[in-house]
Amino acid sequence: QQQVKQSPQSLIVQKGGISIINCAYENTAFDYFPWYQQFPGKGPALLIAIRPDVSEKKEGRFTISFNKSAKQFSLHIMDSQPGDSATYFCAASTIQGAQKLVFGQGTRLTINP
Amino acid sequence: EPEVTQTPSHQVTQMGQEVILRCVPISNHLYFYWYRQILGQKVEFLVSFYNNEISEKSEIFDDQFSVERPDGSNFTLKIRSTKLEDSAMYFCASSDRQGAYGYTFGSGTRLTVV
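Chains A and B, in that order, give the protein sequences.
Each residue of the first sequence is one higher than the one before, counting from 5 in my numbering.
Each residue of the second sequence is one higher than the one before, counting from -1 in my numbering.
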């Protein structure tokens, strides 16, 4: 019930391409869905987040698409750059009450120049 | 930009020894967290701390673990008797508000138990 499932585990994309990472959740009480970017030796850093009252949120080259009925959300990175090479984690939480983040397994993204 | 600072960056300890991982949260933050990440696996919640007490803890956070805010600036995680399976990256995070908004994670302490 608390799980967040993320796919793929690893992804290789050519520079300029679109990177897509998918997540699915089970707990319908989740109402906050952030994506974190992690570089080697660093902690996760918030990239972009969405609430379930909208189906899409865009910030620069990064877009979250959210499908409440399917309990799925995805991260799209447009015009992917070598500097985007990192591990990406989706997560879920509830705004009220529990403050913990439930993370997906992570996706290691490599952008080839 | 304000940072969450963790020390040491890497600690090696013998099985059965006690370790204390240290964190300096962002100064005006009131909510504090510890997470861990076993190599190659997902980040897992350990404990949240607010107003000098534990708000929530996971099943991982058993009697071997404790947290403390000994002064106005530090937030520590103690593992009383380390096991091999405690080897992981431990991340401290802090937030200025309730809920998962506004987390800032530190760079982590890599704990290796030998």
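Here a beta-carbon is modelled for each residue, glycine too, at the ideal position from N, C-alpha and C.
Treat the numbers as computed from the prediction; the structure is a model and nothing was measured.
- Item | Under 8 Å (Cβ pairs) to chain A, residues found in the segment 43 to 67 of chain B | Under the 8 Å Cβ criterion, the segment 43 to 67 of chain B contributes 43, 46, 53, 54 and 56.
- Message: Please state the DSSP three-state secondary structure of residue 124 (chain B).
- Response: The structure shown has nothing for residue 124 (chain B), since chain B only spans -1 to 112.
- Query: Would you say residue 9 (chain B) reaches chain A, if we count a Cβ-Cβ gap shorter than 9 Å as a contact?
  - Reply: Mapped onto the second sequence, residue 9 (chain B) falls at position 11. Residue 9 (chain B) does not count as touching chain A.
- Query: With 16 other CB atoms within 10 Å as the buried threshold, where does residue 9 (chain A) fall?
  - Reply: On the first sequence, residue 9 (chain A) is found 5 positions in, with the first residue counted as 1. That one is exposed.
- Query: chain B beta carbons: is any one of them nearer than 9 Å to that of residue 53 (chain A)?
  - Reply: For this step, residue 53 (chain A) is matched to residue 49 along the first sequence. Cβ-Cβ to chain B under 9 Å: yes for residue 53 (chain A).
- Query: Any idea what DSSP makes of residue 37 (chain B), helix, strand or coil?
  - Reply: Translated into positions along the second sequence, residue 37 (chain B) becomes position 39. Coil.
- Item | Which of helix, strand or coil DSSP assigns to residue 82 (chain B) | Along the second sequence, read from residue 1 onward, the residue named residue 82 (chain B) stands at position 84. Helix.
- Query: Cβ of residue 2 (chain B) less than 9 Å from any chain A Cβ?
  - Reply: Counting from 1 along the second sequence, the entry for residue 2 (chain B) is found at position 4. For residue 2 (chain B), the answer is yes, since a Cβ of chain A falls inside 9 Å of its Cβ.
- Item | residue 6 (chain B) - DSSP class collapsed to helix/strand/coil | What you label residue 6 (chain B) is simply residue 8 of the second sequence in a count that begins at 1. The answer is coil: DSSP assigns residue 6 (chain B) none of H, G, I, E or B.
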